[in-house]
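Asks: First the structure, which I've put down as C-alpha cells, then a few questions once you've had a look.
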Amino acid sequence: MAVIPGDGIGPEVIAEALRLLAAAGGVDVEHLPWSATHYLQTGVTIPADGYETLRSFDAVLVGALGDPRVPDNCHARDILLGTRFALDLYVNYRPVRLLDDRLCPLKGRTAADVNFVVFRENTEGVYVGVGGRFKAGTPDEIAVQEEINTFKGVDRIVRFAFTFARARGRRRVCMADKSNAMPDGHALWQRVFAEVKPEYPEIEATHLYIDALAMFLVQDPGRFDVIVTNNLFGDIITDIGGALQGGLGMAASANLHPGRTSMFEPVHGSAPALAGKNEANPIGAILSAALMLETLGRAEDARRIERAVEEAVRAGDVTRDVGGTLGTREAGEAILRRLR
Ligand code: NAD
Ligand code: IPM
Ligand code: MN
C-alpha cells in the first residue's frame, strides 16, 4: 500500500489508521511525501511518473490535501483529482452509516434510519478542468467551467450502483440529477437510468432532483438505500452524509476501478484549524483503511476494525467533535485496544 498522509490533519489521522492496519494483520506500507509542504519545497506537486508509481501498488491510502499556503489548490488537484482521473477510479463509494443513535443530529432518528451508500461518479462532471477565464480580473470577466457527461461514464457508474445493490441485498436505487435545469447534460443521466433499470427488476429504481434529495436526506434519511449521482452533487451530499453520521470526521470513502489499484481516504479535508493539535477525529481514516482491507479480500480483518470502532463509539471513547474528550491519538488507542 502507498500512503500519502498529505496536509493539515491528514498525517495525524493516517498515523492512527496505520496503527490499526498493523494490528489487524499488517500491510506493507510505503510512504509518499506528496503534500503542500513538499510542493512548496520542490515545486513538484506529483512527479512525472507519480501515477505510474501509484499503479504499482495494490492500494493507496490518503489523508487529506489542502493548505492555505497553496491558495489555488494545484497540488491537491494533481495528487487527489489527478489520481482519480489517471487511474480511472470511476466509482467513489461513500457509505453513510450511523454507528450510535447519540451521534445523529436529527431529532428522533436512530441508526435504523441512517444506513445508505452513495455512488459518486468520480472521473467527469465539472471536475474535468475544461474551461477558462477571459478578461480575468476586469469588470468584463467571463468564467467558464464545463460539465462533461459521457455515455460511458454515466453508464458504468449507474450499472455499478445497481450491481452493488443486487450483490449486497439492497433493494432501492435512487438516481439524483438536475435534468430540469440542465436538460442537455442530465438528459443523459435520465436516458441511462431508464435503460439500465429494467435489467434489475427486483430493485426499486427511483429518481429525485438533487435539491429534493438534499431535503429528504435531512428530513427522512431512512428512505435511502443506494444513491447514484454525478461528481459534484456526490461531493456535496456526502458532506451531508458525514453530518448524519455525527460529523465529517466519521465518514469514509473508496475510489475504485474494479480489478485495479484503488484509493481510500476519509471524506473530510485537511481541517487546517485543527492541524497539529491532536484534536482531529481519526475514525473516517480508520474506516477508510477498513474499506481498503475489504476491497483487497481481507473482509474479516476489515470487520474486526469496524467492530472495534463501533465499540469505542458506543462507549464514548472518541474525540470532541463527536461528544468525547479524547485526543486523536487516544481515540485511535481506544479502538486499537478493542481490536486487540
Ligand atoms: P474540512 O473537511 O477540512 O473541514 C470542514 C469542517 O469539518 C471543519 O470545521 C473541520 O474542523 C471539521 N472536520 C473535518 N475533518 C474533521 C475531523 N477528522 N475531525 C474533526 N473535525 C473535522 O473542509 P474545508 O474546511 O472545506 O477544507 C479545508 C481544506 O481541505 C481545503 O483546502 C479543501 O480543499 C481541502 N479538502 C480536501 C479533501 C480531501 O483531501 N479529500 C476533502 C475536502 C476538503
Ligand atoms: C472530496 C473533496 C475533493 C472533491 C476536493 C478536495 C477537491 O472535497 O474528496 O470530497 O471535491 O472531490
Ligand atoms: Mn468533499
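For the sequence shown, our numbering puts the final residue at 849, and the numbers step up evenly by one. Beta carbons: idealized from backbone N, C-alpha and C, even for Gly.
(1) Indicate whether Arg629 and Asn787 have their beta-carbon atoms separated by less than 9 angstroms.
(2) Give the range of the alpha helix (DSSP H) segment to which Val818 is assigned.
(3) According to DSSP, Cys860 sits in a beta bridge with which residue or residues?
(4) Which residues share a DSSP beta bridge with Phe625?
(5) Taking the beta carbon of Phe643 as the centre, do at least 16 other beta carbons fall within 10 Å, making it buried, or is it exposed?
(6) Determine the DSSP secondary structure at Thr619, reduced to helix, strand or coil.
(7) Please indicate yes or no: does the CB of Val776 lie closer than 8 angstroms to some heavy atom of ligand 3?
(8) What's the gap between the Cα of Gly880 and the Cα of Asp597?
(9) Mind checking His540: buried by the 16 CB within 10 Å criterion, or exposed?
(10) Along the chain, where does the beta strand (DSSP E) that runs through Val571 open and close?
(11) Would you say the beta carbon of Glu788 comes nearer than 8 angstroms to a heavy atom of ligand 1?
(12) Can you grab the Cα-Cα spacing for the pair Asp830 / Gly756, in whole Å?
(13) So for Leu796, helix, strand or coil by DSSP?
(14) Around the Cβ of Cys583, are there at least 16 other Cβ atoms within 10 angstroms (buried) or fewer (exposed)?
(15) State the beta-bridge partners of Ala761 as determined by DSSP.
(16) If we ignore side chains and look at the alpha-carbon of each, how far apart do Leu608 and Pro614 end up?
(17) Report yes if the CB atom of Phe702 is closer than 9 angstroms to the CB atom of His716, and no otherwise.
(18) Count the other CB atoms, across all protein chains shown, that sit within 10 Å of the CB of Asp810; report buried if there are 16 or more and exposed otherwise.
(19) With H, G and I counted as helix, E and B as strand and the rest as coil, what does DSSP make of Arg849?
(20) Verify whether the separation of the beta carbon atoms of Leu800 and Tyr602 is less than 9 angstroms.
(21) Give me the residue from Gly836, Val827, Thr834 and Ala817 with the minimum Cα distance to Arg847.
(22) Using the Cβ count rule (16 or more neighbours within 10 Å means buried), how would you classify Gln754?
(23) In the structure shown, what three-state DSSP assignment does His695 receive?
(24) State whether the stretch 754-774 contacts the stretch 726-746, with contact taken as three or more CB pairs (one from each stretch) at a distance under 8 angstroms.
(25) If you draw a straight line from the alpha carbon of Gly641 to that of Phe594, how long is it in whole angstroms?
(26) For Gly591, report the span of its alpha helix (DSSP H) as first-last.
(27) From the DSSP output, in three-state form, read off Gly833 for me.
(28) Does DSSP put Pro514 in a helix, a strand or coil?
(29) May I have the straight-line CA-CA distance separating Pro514 from Ala752, to the nearest angstrom?
(30) Using C-beta distances below 8 angstroms, list every residue in its chain close to Asp537, excluding the 5 sequence neighbours before and after it, in chain order.
(31) Considering only C-alpha positions, which residue in the set Leu549, Gly575 and Ala526 is nearest to Ala782?
(32) Since Ala670 and Val569 are thought to touch, with beta carbons under 8 angstroms apart, how far apart are those beta carbons, to the nearest angstrom?
(33) Quick one: is the Cβ of Ala585 within less than 8 angstroms of any heavy atom of ligand 1?
(34) Determine whether the beta carbon atoms of Ile506 and Pro767 lie at a separation below 9 angstroms.
(35) In the DSSP assignment, find the alpha helix (DSSP H) that holds Ile523 and state where it starts and stops.
(36) How is His766 classed by DSSP in three states: helix, strand or coil?
Replies: According to the structure shown:
(1) Within the sequence shown, numbered from 1, the residue matching residue 629 stands at position 120. Within the sequence shown, numbered from 1, the residue matching residue 787 stands at position 278. It is not a contact, given that the beta carbons lie outside the stated cut-off.
(2) To locate residue 818, count along the sequence shown from 1; it is residue 309. For Val818, the enclosing alpha helix (DSSP H) starts and ends at Ala808 to Ala824.
(3) This structure cannot settle anything about residue 860, because the visible part of the chain is limited to 510 through 849.
(4) Along the sequence shown, one-based indexing puts residue 625 at 116. In the DSSP assignment, Phe625 is bridged to Val605.
(5) The count along the sequence shown starts at 1 and reaches residue 643 at position 134. Around the beta carbon of Phe643, fewer than 16 other beta carbons sit within 10 angstroms, so the residue counts as exposed.
(6) Against the sequence shown, residue 619 aligns to sequence position 110. It is coil, neither helix nor strand.
(7) The sequence position of residue 776 within the sequence shown is 267, counting from 1. Indeed, a heavy atom of ligand 3 lies less than 8 angstroms from the Cβ.
(8) The structure shown has nothing for residue 880, since the chain only spans 510 to 849.
(9) Position 31 of the sequence shown, counted from the start, is the residue given in the question as residue 540. Answer is exposed; the Cβ neighbour count stays below 16.
(10) For this step, residue 571 is matched to residue 62 along the sequence shown. Here the beta strand (DSSP E) through Val571 covers Ala568 to Ala573.
(11) Start at 1 with the first residue of the sequence shown, and residue 788 comes out as number 279. True, at least one ligand heavy atom lies under 8 angstroms from that Cβ.
(12) Sequence index remark: in the sequence shown, residue 830 carries index 321 (1-based). Sequence index remark: in the sequence shown, residue 756 carries index 247 (1-based). Note on geometry: alpha-carbon atoms of Asp830 and Gly756 lie some 7 angstroms from one another.
(13) Locating residue 796 in the sequence shown gives position 287, counting from the first residue. In the structure shown, the three-state DSSP call for Leu796 is helix.
(14) Working through the sequence shown from its first residue, we reach residue 583 at position 74. Classification of Cys583: exposed, given that the 10 Å Cβ count is below 16.
(15) Position 252 of the sequence shown, counted from the first residue, corresponds to residue 761. Among the bridge pairs identified by DSSP, Ala761 is matched with Pro775.
(16) By one-based count along the sequence shown, residue 608 stands at place 99. By one-based count along the sequence shown, residue 614 stands at place 105. Rounded to the nearest whole angstrom, the CA to CA distance from Leu608 to Pro614 is 13 angstroms.
(17) Locating residue 702 in the sequence shown gives position 193, counting from the first residue. Locating residue 716 in the sequence shown gives position 207, counting from the first residue. A Cβ-Cβ contact shorter than 9 angstroms links Phe702 with His716.
(18) For the purposes of this step, residue 810 is taken as the residue at position 301 of the sequence shown. With 16 or more other Cβ atoms inside 10 Å of its own Cβ, Asp810 counts as buried.
(19) Counted from its first residue, the sequence shown places residue 849 at position 340. Arg849: coil per DSSP, three-state reduction.
(20) If you number the sequence shown from 1, residue 800 lands on position 291. If you number the sequence shown from 1, residue 602 lands on position 93. Taking 9 angstroms as the Cβ cut-off, Leu800 and Tyr602 qualify as a contacting pair.
(21) Taking the sequence shown and counting its residues from 1, the one referred to as residue 847 is at position 338. Nearest C-alpha to Arg847: Ala817.
(22) Looking up residue 754 in the sequence shown gives position 245. Per the 10 Å Cβ criterion, buried.
(23) Against the sequence shown, residue 695 aligns to sequence position 186. Assigned with DSSP and collapsed to three states, His695 falls in coil, not helix or strand.
(24) Taking a contact to require three or more Cβ pairs closer than 8 angstroms, the stretch 754-774 and the stretch 726-746 do not qualify as touching.
(25) As a first step, residue 641 is located in the sequence shown; it is residue number 132 there, counting from the start. As a first step, residue 594 is located in the sequence shown; it is residue number 85 there, counting from the start. Each residue's alpha carbon lies about 20 angstroms from the other.
(26) For this step, residue 591 is matched to residue 82 along the sequence shown. Note, Gly591: alpha helix (DSSP H), Gly591 to Ala595.
(27) Here residue 833 refers to the residue found at position 324 of the sequence shown. Coil, per DSSP.
(28) Stepping through the sequence shown from its first residue, residue 514 is reached at position 5. Three-state result, Pro514: strand.
(29) Your numbering for residue 514 matches position 5 in the sequence shown. Your numbering for residue 752 matches position 243 in the sequence shown. One C-alpha to the other measures close to 23 angstroms.
(30) Looking up residue 537 in the sequence shown gives position 28. Once the five neighbours on either side are set aside, the close Cβ partners of Asp537 are Met510.
(31) Along the sequence shown, one-based indexing puts residue 782 at 273. Minimum Cα distance to Ala782 is reached at Gly575.
(32) Residue 670 sits at position 161 when you count from the first residue of the sequence shown. Residue 569 sits at position 60 when you count from the first residue of the sequence shown. Between Val569 and Ala670 the Cβ distance is about 23 angstroms, and since that is not below 8 angstroms, they are no contact.
(33) Here residue 585 corresponds to residue number 76 of the sequence shown, with the count starting at 1. Yes.
(34) Missing from the structure shown is residue 506; the chain here goes from 510 to 849 and no further.
(35) Start at 1 with the first residue of the sequence shown, and residue 523 comes out as number 14. Unbroken alpha helix (DSSP H) run through Ile523: Gly519 to Ala532.
(36) On the sequence shown, residue 766 is found 257 positions in, with the first residue counted as 1. Coil.
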